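Those protein sequence lines, which keep their order, are chains G and F. Residue 49 in my numbering is what sits at position 49 of the first sequence, and the numbering runs on without skipping anything. Residue 101 in my numbering is what sits at position 101 of the second sequence, and the numbering runs on without skipping anything.
Number of protein chains: 2
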Amino acid sequence: MRKLSELEGVSLGVVSNYQPCTAYSVRRELRNSPSSHWQASAGSVYPLLARLEAEGLVATKADKSDGRGRRLLRVTARGRKALKVWIMNGADEVLISSVTDPVRSRMFFLSVLSASKQSEYLNKVIALMESYLVEIRADLDSKSQHDDLYDYLGALGAVAVAQTRLDWLRVVRKRLSKTEK
Amino acid sequence: MRKLSELEGVSLGVVSNYQPCTAYSVRRELRNSPSSHWQASAGSVYPLLARLEAEGLVATKADKSDGRGRRLLRVTARGRKALKVWIMNGADEVLISSVTDPVRSRMFFLSVLSASKQSEYLNKVIALMESYLVEIRADLDSKSQHDDLYDYLGALGAVAVAQTRLDWLRVVRKRLSKTEK
DNA sequence: CGATGCATGTAAGCTGTTACATGATTGC
DNA sequence: GCAATCATGTAACAGCTTACATGCATCG
């Protein structure tokens, strides 16, 4: 069986968690989830789910009671197995270290900016990180440990990492303002 | 001027930090950097740098003393400006929240695995995170604050985030082993 | 003198984005 | 009745990966 991409695995997982559901709701779930923000455009999700259906990982059933022609998705037995394989394949050296942070990437080249532009950039990024943290904290608070534990634990990780990134940015700002003097 | 992609910005930044350098060394730098792990295959880096050259952001000069036909890259004035714009554009809401962690993504769907498979997965991932942390800690230690401050601060962020992810995974493991009983 | 690393690139293919296109349903 | 949302998709394009292809330099 073919190896699933990240977006394919996540989409299959979303179907698994919310079935029966429509392709549209999968897309919305990916877009709205504040903790792992995929673009999940229509041009990717629909062909992707069609691909998974062609491979027998999901099955669709037309909902005749709906005039919009919605088609309800379910994960097949094959699909459940493929999801398990995808998860276990996530325990991979390369995948674990492949988390690229656009803020951190820019840090390495910050010296090309003037000192004032540097602090302008840092202040902006810190402000954005702060409001992002508020957003995902609210998301975490909305998730009870007793409702869906895995959802809660995932959101918990998102908050922890975002807090760490913010703390780090504050250290950077402090350190750079010291050098300036 | 066109908006640069993440890989384009990073590549331009690497040239800026190490100039004069070859396209090959840019590729190697991206591949070997443990803190922000791009694949940076030949098929992406060479066309990318050719693109940047065509737009006048980098300039190449043939090194006649080298039989391999190496071409040395430099950032032009236009390129330096484009790099500055790219960095400032990084202070963006969407970009900041776009950090997707493959380990965290999988957490939301972990319930499809049996309890024993769940702990097998977590143990594997934790072991990998531990050795990854050792690797980037060594990288951080190799970077002096007085040598290149920005390099040091970037690596510091990578270590902080990796440590947080590991701590989170340990919390998850503990929490799930409790539920099992 | 052979393996590894340096150095440059191309071709095919997959994945994802942006923008477009259509129509039904629901809430105000 | 009108706007927002639900719902499905297509077409053109951009970007990156994998695999291929070539040849020089350096070290043991």
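Each residue gets a CB set at the ideal place from its N, CA and C atoms; glycine is no exception. All of these numbers come straight from a predicted model, not from anything done at the bench.
DSSP state of residue i mapped onto helix, strand, coil
i: V99/F; result: coil
i: K84/F; result: helix
i: L73/G; result: strand
i: A138/F; result: helix
i: T179/F; result: helix
i: A91/G; result: coil
i: A50/F; result: helix
i: K3/G; result: coil
i: A40/F; result: coil
i: T60/G; result: strand
Beta-carbon spacing of residue i, residue j below 8 Å
i: I87/F; j: F109/G; result: yes
i: V159/G; j: L128/G; result: no
i: E8/F; j: L52/F; result: yes
i: V112/G; j: L72/F; result: no
i: A42/F; j: R27/F; result: yes
i: L49/G; j: A23/G; result: yes
i: S35/G; j: S119/G; result: no
i: L12/F; j: G56/F; result: no
i: W168/F; j: G157/G; result: yes
i: A162/G; j: Y132/G; result: yes
i: T164/F; j: T164/G; result: yes
Interface residues of chain F facing residue i [CB-CB closer than 9 Å]
i: A160/G; result: T164, R165, D167, W168 and V171
i: Y132/G; result: E93, I96 and S97
i: R78/G; result: Chain F residues near R78/G: none, gap ~13 Å exceeds 9 Å.
i: L52/G; result: None at all; the shortest Cβ gap to chain F is about 14 Å.
Proximal chain G residues relative to residue i, where beta-carbon distance stays under 9 Å
i: N32/F; result: Simply none; closest approach about 12 Å.
i: S142/F; result: Within chain G, no residue comes near S142/F; the closest Cβ sits about 15 Å away, beyond 9 Å.
Close beta carbons around residue i, own chain, < 7 Å, minus the five adjacent residues each side
i: E130/G; result: L166
i: Y46/F; result: A23
Amino acids of chain G, ordered along the chain, whose beta-carbon sits closer than 8 Å to that of residue i
i: M1/F; result: None at all; the shortest Cβ gap to chain G is about 16 Å.
i: T179/F; result: L149
i: E6/F; result: T100, P102 and S105
i: Y18/F; result: Here the premise fails: no neighbours, minimum Cβ distance about 11 Å.
i: V125/F; result: G90, A91 and I96
i: G43/F; result: Near G43/F there are no residues of chain G at all, since even the closest Cβ is about 18 Å away, more than 8 Å.
i: Y24/F; result: What Y24/F touches in chain G: nothing, since even the nearest Cβ is about 19 Å away.
Same chain, Cβ closer than 6 Å to residue i, five either side skipped, listed in chain order
i: R74/G; result: Q19, P20 and A59
i: V14/G; result: V26 and E29
i: D63/G; result: R70 and L72
i: K61/G; result: L72
i: R31/G; result: A40
i: K81/G; result: none
Neighbour list for residue i in chain F, Cβ cutoff strictly below 7 Å
i: V85/G; result: Under the 7 Å cutoff, chain F gives no residues; its nearest Cβ is about 11 Å from V85/G.
i: L153/G; result: M107, V172 and R175
i: L113/G; result: K84 and I87
i: L128/G; result: A91, E93 and I96
Per-residue contacts from residue i into chain G (C-beta, under 7 Å)
i: V216/F; result: Absent from the model: residue 216/F. The displayed extent of chain F is 1 to 181, so no value can be given.
i: G13/F; result: F108 and F109
i: Y46/F; result: Ordered by position in chain G, no residue passes the 7 Å Cβ test against Y46/F, which lies about 20 Å from the chain.
Contacting residues, own chain, Cβ-Cβ under 8 Å from residue i (five flanking each side not counted)
i: S44/F; result: L7
i: A155/F; result: S35, I136, D139, L140 and K143
i: S16/F; result: V75, G79, R80 and L83
- Message: Counting beta carbon pairs with one atom in the stretch 143-157 of chain F and one in the stretch 138-153 of chain G, are three or more of them shorter than 8 Å?
- Response: no
- Message: Count Cβ pairs between the stretch 114-131 of chain F and the stretch 164-176 of chain F that sit closer than 8 Å; are there 3 or more?
- Response: yes
- Determine, using beta-carbon pairs with one atom in the stretch 49-69 of chain G and one in the stretch 89-97 of chain G, whether at least three such pairs fall under 8 Å. no
- Message: Could you check whether the stretch 94-109 of chain G touches the stretch 97-105 of chain F, counting it as contact only if at least three pairs of C-beta atoms, one from each stretch, sit closer than 8 Å?
- Response: yes
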